[in-house]
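What follows is a set of notes on a single structure, which appears directly below.
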Amino acid sequence: MTPFTVLTPLAAWFLARWGPRSEESYAGEALPPRHPRARLCVEGIGEVGYFVAMKPNFLDLLESDRVPLYLAPQAGVSESPFRRLCRSYGADVVVSEFVSSEGIRRNDPRTHEYLRFDDDERPIGIQIFGAEPAAMAEAAALVEDVYGPDFLDLNFGCPVKKVVKRNGGSGCLRDLDLVQQIIRSVAAATRIPTTVKIRSGWSEELRNPVEIALRCQDAGAAVLTLHARTRTQMYGGSADWDEIAAVVDALDIPVVGNGDVWNGADALRLREHTGCAGIMIARGSHGAPWIFGQARAALDGKPIPLDPFVRERFDMVREHAQLAIAFERDEEKAMIEFRKHLGWYTKGLPNGRQLRQELFGVRKLVEVDSLLERYAEESATALAA
Ligand SMILES: Cc1cc2nc3c(=O)[nH]c(=O)nc-3n(C[C@H](O)[C@H](O)[C@H](O)COP(=O)(O)O)c2cc1C
94 MTPFTVLTPL
104 AAWFLARWGP
114 RSEESYAGEA
124 LPPRHPRARL
134 CVEGIGEVGY
144 FVAMKPNFLD
154 LLESDRVPLY
164 LAPQAGVSES
174 PFRRLCRSYG
184 ADVVVSEFVS
194 SEGIRRNDPR
204 THEYLRFDDD
214 ERPIGIQIFG
224 AEPAAMAEAA
234 ALVEDVYGPD
244 FLDLNFGCPV
254 KKVVKRNGGS
264 GCLRDLDLVQ
274 QIIRSVAAAT
284 RIPTTVKIRS
294 GWSEELRNPV
304 EIALRCQDAG
314 AAVLTLHART
324 RTQMYGGSAD
334 WDEIAAVVDA
344 LDIPVVGNGD
354 VWNGADALRL
364 REHTGCAGIM
374 IARGSHGAPW
384 IFGQARAALD
394 GKPIPLDPFV
404 RERFDMVREH
414 AQLAIAFERD
424 EEKAMIEFRK
434 HLGWYTKGLP
444 NGRQLRQELF
454 GVRKLVEVDS
464 LLERYAEESA
474 TALAA
């Protein structure tokens, strides 16, 4: 996809929404036309409706017995290349990193880079954040019309100071009326499901995941994900799975459990402990996209596959790096960004210290290739000796 292909539909959308309009174009139309539809005409009667390109409804996944596995939204990690890789290793649903509603409304080109995705990532949710109901609704409508994700996810969990200072992310959890207004505005402005991701509360004193979750459901959330920590906990302590179980019991909508799933066995334990309809994995996927296959095996009662061996792992690194370069279209920039993944992929490798240090300096894929090849050969020789 070129900047042109991103910006042209964007410009068209802005024109459709805010550009000069004829009297006719106002007639009974609340929202600009969606992308994949064609007029449906019956001979002798005329136009009777539209064909809408049907995508499988991702909500059906949550109603089935096959608990879907989500790749969590993660800023700087859950980008398109990693999402594609995780989908190919068994993630059933992916969510974009959080995107600022203000950035979307300002038509900031960098923000729009975060919104791009490939069809093979579906079902995908785009996650947005902000504390202004009208601005969130406008951003959500734009994302739906221009990018067409399967659902919109609202971030009420981000603990980062810069975000909560303006009441964004988990900052909203201090004002549940505001949370409800945001959900209502977004749900009213869009046709795809509005889902939410919350933490257990702002602080220990304001910890009340069941109340927060019920308020989200009442406001129209179609699915709720709970990361069972408060904002003040950040990532410390452990996620309280009892809270996930309590929210599952209290809500009618599907609940996705999140927090501290580090391997396949954890995924099964979380499901058994809480009865959650879906499982979301974040840090456990770092340098380990295969965790989704292991989690699936555990949930299906099958033996959990071993972590891949060195060669297989390195093939995965190359594939991921190639996807990253193709997405970024600037090899050096992509590889500098990719260094964190290289660190994760090689964490814990026997005698891997030197390899990791060298990988942190790479700027080209060929450098990665030769470092990995040298390590694989040396470890094969060491094993044979
Ligand atoms: C690097 C990183 C970036 C994250 N970015 C987001 C984000 O953009 N949106 C969001 O809702 N949560 C974000 N999270 C939180 C995760 O989605 C998840 O809720 C949290 O890490 C707990 O899950 P885990 O125990 O499986 O890691 C982020 C987490 C990490 C580690």
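Note that this note's numbering gives residue 159 to position 66 of the sequence shown, counting from 1, and the numbers run on in steps of one. Positions of the beta carbon are idealized from the N, C-alpha and C atoms, including for glycine.
If the five residues before and after L247 are omitted, its C-beta is found closer than 6 Å to the C-beta atoms of V289, all from its own chain and listed in chain order. Judged by beta-carbon spacing, L363 lies within the 8 Å limit of W334, meaning their Cβ atoms are closer than that value.
Nearest Cα to Q167 within the set K426, I374 and T439: I374. For Q326, the number of other beta carbons within 10 angstroms of its own is at least 16, and it is reported as buried. For T204 and T474, the gap between their C-alpha atoms comes out near 47 Å. Taking the Cα positions, V348 is about 32 Å away from A417. For the pair E172 and A427, the Cα-to-Cα distance works out to about 12 Å. Its Cα nearest to that of D201, the residue V236 stands out among D212, E336 and V236. In the same chain as Q273, and ignoring 5 residues on each side of it, the C-beta atoms closer than 6 Å to its own belong to R308 and A312, in chain order.
Taking one beta carbon from each stretch, the segment 355-372 and the segment 291-310 have fewer than 3 pairs nearer than 8 Å; the two do not touch. For H320, the enclosing beta strand (DSSP E) begins and ends at V316 to T323. Secondary structure of V289 (DSSP, three-state): strand. For S194 and G218, the gap between their C-alpha atoms comes out near 15 Å.
Minimum Cα-Cα distance from T287 among the listed residues A477, L299, I221 and S296 corresponds to I221.
By the Cβ neighbour-count rule, A233 is buried, with 16 or more other Cβ atoms within 10 Å of its own. With contacts defined as CB atoms closer than 8 Å, A314 and L155 fail to qualify as a contacting pair. Rounded to whole angstroms, the Cβ separation of E425 and R456 is 5 Å, and the two are in contact under 8 Å. Short note on G377: C-beta closer than 7 Å to some heavy atom of ligand 1. Setting aside the 5 residues that flank it on each side, P398 is surrounded in the same chain by G386, Q387 and A390, each with a C-beta closer than 7 Å to its C-beta; the list follows chain order. At a cut-off of 7 Å, the beta-carbon of F191 counts as near ligand 1: some heavy atom of the ligand is closer than that. When beta bridges are read from the DSSP output, M373 appears opposite Y163 and N351. Judged by the Cβ position, A332 qualifies as a neighbour of ligand 1 at the 7 Å threshold, a heavy atom of the ligand being closer than this. Taken atom to atom, the span from the alpha-carbon of S463 to that of G183 is near 29 Å.
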